[in-house]
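Engineer:
In our numbering, the protein residues as written are 2 to 117.
1) Could you please give the first and the last residue of the uninterrupted alpha helix (DSSP H) stretch that includes residue 104?
2) Buried or exposed for residue 116, going by 16 or more other Cβ atoms inside 10 Å?
3) Could you check whether residue 99 and residue 27 sit closer than 8 Å to each other, using their CB atoms as the reference points?
4) Would you mind reading off the limits of the alpha helix (DSSP H) that contains residue 29?
5) Leaving aside the five residues before and after residue 74 along the sequence, list all residues of the same chain whose C-beta is less than 8 Å from its C-beta, in chain order.
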């Protein structure tokens, strides 16, 4: 019986399609626009809050990594300034939104606060 259960589980796992990972600048911009909406107007919608949190956490993670590498030196900026800078960069580079969101985030942060 155990072998049958394991076989069935393995079958279902093998036929479940892998979730696509959103990795473009367009995906990041959509998440960050949710943050902007939530930040400016508040929300009780958990989906908006989730996407807003993903935006901020993603940018913060990359900012921390760049800071350690001494490629991003923001001084006393706070997460809202970093998030707004990335949104502005993405909105000013709409032709690049199909590119990888990590590369676009790095370009946005480094261009706003490069280390000297």
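Note that CB positions come from ideal geometry on N, CA and C, so glycine has one too.
Structural biologist: Considering the structure as presented:
1) 102-113
2) exposed
3) yes
4) 26-42
5) 68, 114, 115, 116, 117
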